[in-house]
Amino acid sequence: MIKKLILTSMISLAALATTQAAADQQKIHKLVLKDGGVSHMQLDVKVGDKIIIEHNDDTPAVHRLFTTGDNYNFDLSNMGQGDYYQFTAKTPGTFDITCHSMKDMVIAVNVTQ
Ligand SMILES: [Cu+2]
1 MIKKLILTSM ISLAALATTQ AAADQQKIHK LVLKDGGVSH MQLDVKVGDK
51 IIIEHNDDTP AVHRLFTTGD NYNFDLSNMG QGDYYQFTAK TPGTFDITCH
101 SMKDMVIAVN VTQ
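FYI, in my numbering the residues of the sequence shown are 1 to 113.
Structure follows, in structure tokens:
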């Protein structure tokens, strides 16, 4: 009984350590919308990284970012100044985040393992 309890505790500790290591490695990538533009046109991220899209632009520069796909899918058309959206990169691959309002605003995202 005691042996079983110790073993269970050790497994829990190992799981905790793994979770902590993953959290330590997680990078945060910020995409900031400002002055009618965006801070990055290309993002290279790793699986587990967090991407934050921050709307810090005032009107009339209204951005309406979106992406469609099997792994990444969102539409931020209702974002206003001060709003942000965040997600974690979970699947490797490439996709573009585009803007309904601005044809030139194309952000290429590359997610690697
Ligand atoms: Cu835009």
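Note that CB positions come from ideal geometry on N, CA and C, so glycine has one too.
Cβ pair residue i, residue j closer than 7 Å
i, j, result
"A89", "D49", "yes"
"M79", "H100", "no"
"D57", "F66", "no"
"G69", "F95", "yes"
beta-carbon residue i near ligand 1 non-hydrogen atom, thresh 6 Å
i, result
"S77", "no"
"T101", "Here residue 101 is Ser; the residue named in the question, Thr, does not match the sequence. Answer for S101: yes, Cβ within range of ligand 1."
"H55", "no"
"M41", "no"
"H29", "no"
Residue from the options with nearest C-alpha to residue i
i, options, result
"V45", "N56, H29, D104", "H29"
"V111", "D58, E54, P92", "P92"
"V32", "Q81, T59, M102", "Q81"
"S77", "M102, F95, G69", "M102"
"T59", "Q113, K34, Q25, D104", "K34"
"Q113", "Q25, A61, V47, R64", "V47"
"A61", "N73, G36, Q42", "G36"
Burial state of residue i, where buried means 16 or more other Cβ atoms lie within 10 Å
i, result
"I97", "buried"
"V106", "exposed"
"H40", "exposed"
Own chain residues within Cβ distance below 8 Å of residue i, not counting five before or after
i, result
"Y84", "I52, I53, E54, H55"
Residues near residue i by beta carbon distance below 7 Å, same chain, minus five either side
i, result
"Q26", "G48, D49, K50"
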